[in-house]
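Numbering (my numbering), first residue to last: 149 to 238.
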């Protein structure tokens, strides 16, 4: 702090938004020196945009999803889908 090389969270929120700051905080390993710069925040903003757009697309396509109507029996799934379900259940 005494070197004057700090970044104000308020400045980041004003420039990039609170969600970008939250994602950056969640993605850094606090056991080591934490680095922040405009380039790093730009990368975080790009990751945030991709995550947000993926979720918006997914939610937009699930509006009429009915689990009972769209149910697929386990034995009818592709082997890769069965494998993923096994991993999820571990």
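Note that beta-carbon positions come from the ideal geometry of N, C-alpha and C, so glycine has one too.
Exercise. Evaluate the contact criterion for the segment 177-192 versus the segment 205-213: three or more CB pairs, one atom per stretch, below 8 Å.
Key: no
Quiz item: Alpha carbon to alpha carbon, what distance is there between residue 217 and residue 153?
Solution: On the chain shown, position 5 is the one that residue 153 refers to. On the chain shown, position 69 is the one that residue 217 refers to. Looking at the two C-alpha atoms, the distance is approximately 58 Å.
Practice problem: Apply the 10 Å Cβ neighbour rule to residue 168 and answer buried if 16 or more other Cβ atoms are within range, or exposed otherwise. | Solution: By one-based count along the chain shown, residue 168 stands at place 20. Label assigned to residue 168: buried.
Practice problem: Tell me whether residue 210 sits in a helix, a strand or coil according to DSSP, three-state version. | Solution: On the chain shown, residue 210 is found 62 positions in, with the first residue counted as 1. Of the three classes helix, strand and coil, the one that applies to residue 210 here is coil, per DSSP.
Quiz item: Would you call the CB atoms of residue 164 and residue 189 closer than 8 Å?
Solution: Residue numbering aside, residue 164 sits at position 16 when the chain shown is read from its first letter. Residue numbering aside, residue 189 sits at position 41 when the chain shown is read from its first letter. Yes; because the gap between Cβ atoms is below 8 Å, this pair is in contact.
Quiz item: Whose C-alpha, out of 222, 193, 175, 199, is nearest the C-alpha of residue 160?
Solution: The residue labelled residue 160 in the question sits at position 12 within the chain shown. Residue 193 is the option with its Cα nearest to residue 160.
Quiz item: Would DSSP call residue 179 helix, strand or coil?
Solution: What you label residue 179 is simply residue 31 of the chain shown in a count that begins at 1. Correct three-state label for residue 179: coil.
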